[in-house]
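S.K.: Count along the sequence shown from 1, then add 13; that gives the number in this note's numbering. For each residue, glycine too, the CB sits at the ideal point set by N, CA and C. Quick one: structure below, then a few questions.
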Amino acid sequence: MAWLKQFNRWRRSLRYLLKYRLNRPEWPKQPLTTPALIVGSAPVSHKPPGFDDRFFVICINGSQAATEAWNIGRPDVTFLQFNQVKGKGERAVAVRNALSGKRCGTLHVIRWPESEQALRQGLAAFDYGFDDLRLIGQYHRTRLAEDVLGRIIREGDNEAKFSNGITAVLYAFHNGAPAVVITGIDPFSSGHVYNSLNKERLHTNMDVEILRELSNRGFPLFTSDPQVAESVGLRLWTGEAIVAARSA
Numbered sequence: 014m015a016w017l018k019q020f021n022r023w024r025r026s027l028r029y030l031l032k033y034r035l036n037r038p039e040w041p042k043q044p045l046t047t048p049a050l051i052v053g054s055a056p057v058s059h060k061p062p063g064f065d066d067r068f069f070v071i072c073i074n075g076s077q078a079a080t081e082a083w084n085i086g087r088p089d090v091t092f093l094q095f096n097q098v099k100g101k102g103e104r105a106v107a108v109r110n111a112l113s114g115k116r117c118g119t120l121h122v123i124r125w126p127e128s129e130q131a132l133r134q135g136l137a138a139f140d141y142g143f144d145d146l147r148l149i150g151q152y153h154r155t156r157l158a159e160d161v162l163g164r165i166i167r168e169g170d171n172e173a174k175f176s177n178g179i180t181a182v183l184y185a186f187h188n189g190a191p192a193v194v195i196t197g198i199d200p201f202s203s204g205h206v207y208n209s210l211n212k213e214r215l216h217t218n219m220d221v222e223i224l225r226e227l228s229n230r231g232f233p234l235f236t237s238d239p240q241v242a243e244s245v246g247l248r249l250w251t252g253e254a255i256v257a258a259r260s261a
């Protein structure tokens, strides 16, 4: 029944909040002084006008398939969902194929359930390299949202969660990026750049809500994807905008 479903959701949310209040972990800072480019895995993405090596590049899951086509070297940061490391599903296999033989600066693995040693072994199995490895729990993500937005987003169920792409956006603002440009992050799209499975995207409503909130509150958030600028209501990044971002 509807009331029982709502009650159970409320109970999960309350339990999550209590656990978060007991943990409330700090998110380590990595100060950013230049614009951040965040590249998601949506099928359509665009290299921003004016892009050069002064951008701080963040990739999500297998989106290095897109940056490699733009002749961008290793990203400064990669956010990787835990089940992409050992998962047997077609999407996880496709992510590993996209990342095989590549590397990044700092690798954030989200919600890894095993030991760090097991994670390192799993990453080595498909030859993905990194300079620094960090394990990110669900309460880290909640703290990140609280620090940037000033409110708690409880991950009680899939409807309440936000995507790894939004995690990267919050991460960039948390670290003081003077501008954040997203591409390949389209909440209304389906499919991924690194496979042809055309899987539906999760967390659409929450992702749109957060992106619009950031934009409406004056955060320097842009997209280089015209369809996202129109559907979500974000400012479209232009080459001229980089001057203002760097002088901010």
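Where DSSP assigns a beta bridge to residue 77, which residues make up the other side?
M.R.: BP columns for residue 77 are empty, so no partner.
S.K.: Find out if the Cβ-Cβ distance for the pair residue 29, residue 167 is shorter than 7 Å.
M.R.: Contact flag set, yes.
S.K.: Identify every residue that forms a DSSP beta bridge with residue 225.
M.R.: None; residue 225 has no bridge partner.
S.K.: Under a Cβ-count criterion, where at least 16 other Cβ atoms within 10 Å of its own Cβ denotes burial, should residue 44 be classed as buried or exposed?
M.R.: exposed
S.K.: Counting only runs that start and end within the stretch 71-155, where is the alpha helix (DSSP H) found for 4 or more residues in a row?
M.R.: 77-82, 96-99, 103-112 and 129-138
S.K.: For residue 166, list the residues DSSP reports as bridge partners.
M.R.: Note: residue 166 is not bridge-paired with any residue in the DSSP secondary-structure output.
S.K.: Looking only at DSSP bridge pairs, what is residue 50 linked to?
M.R.: 70 and 194
S.K.: Report the three-state DSSP secondary structure of residue 236 (helix, strand or coil).
M.R.: strand
S.K.: Apart from the five residues just before and just after residue 178, which ones in its own chain have a Cβ nearer than 6 Å to its Cβ?
M.R.: 53, 73 and 198
S.K.: Please classify residue 10 as buried or exposed, where buried requires at least 16 neighbouring CB atoms within 10 angstroms.
M.R.: As shown, the chain starts at 14 and ends at 261. That puts residue 10 outside it, with no answer to give.
S.K.: DSSP on residue 30, reduced to helix/strand/coil?
M.R.: helix
S.K.: Identify which residue in 251, 70 and 65 has its Cα closest to the Cα of residue 182.
M.R.: 70
S.K.: Does residue 239 pass the burial test, meaning 16 or more other C-beta atoms within 10 Å, or should it be called exposed?
M.R.: exposed
S.K.: Can residue 38 and residue 194 be called in contact, C-beta distance under 7 Å?
M.R.: no
S.K.: Would residue 151 pass as a contact of residue 124 if the rule is Cβ separation under 7 Å?
M.R.: Going by C-beta atoms, residue 151 is nearer than 7 Å to residue 124.
S.K.: For residue 248, which residues does DSSP report across the bridge?
M.R.: Per DSSP, 235.
S.K.: Identify, in the order they occur along the chain, each residue of the same chain with its Cβ nearer than 8 Å to the Cβ of residue 164, setting aside the five sequence neighbours on each side.
M.R.: 158
S.K.: Got a sec? Which residues, its chain only, sit under 6 Å from residue 119 by beta carbon, not counting five neighbours each side?
M.R.: 90 and 145
S.K.: Taking the continuous alpha helix (DSSP H) assigned at residue 181, which residues delimit it?
M.R.: 177-187
S.K.: Is residue 83 buried or exposed, if buried means 16 or more other CB atoms sit within 10 Å of its CB?
M.R.: exposed
S.K.: For residue 87, which residues in the same chain have their Cβ closer than 6 Å to its Cβ, ignoring the five residues on either side in sequence?
M.R.: Same-chain partners within the cutoff: 116 and 117.
S.K.: Could you compute how far the alpha carbon of residue 174 sits from the alpha carbon of residue 141?
M.R.: Each residue's alpha carbon lies about 27 Å from the other.
S.K.: Please work out which residues of its chain come closer than 6 Å, Cβ to Cβ, to residue 250, disregarding the five sequence neighbours upstream and downstream, and give them in chain order.
M.R.: 61, 194, 235 and 237
S.K.: Report the CB separation of residue 245 from residue 200 in whole angstroms; it is logged as a contact under 8 Å.
M.R.: 7 Å
S.K.: Less than 7 Å between the beta carbons of residue 139 and residue 176, yes or no?
M.R.: It is not a contact, given that the beta carbons lie outside the stated cut-off.
S.K.: How many angstroms separate the CA atom of residue 133 from the CA atom of residue 15?
M.R.: 44 Å
S.K.: Taking the beta carbon of residue 77 as the centre, do at least 16 other beta carbons fall within 10 Å, making it buried, or is it exposed?
M.R.: buried
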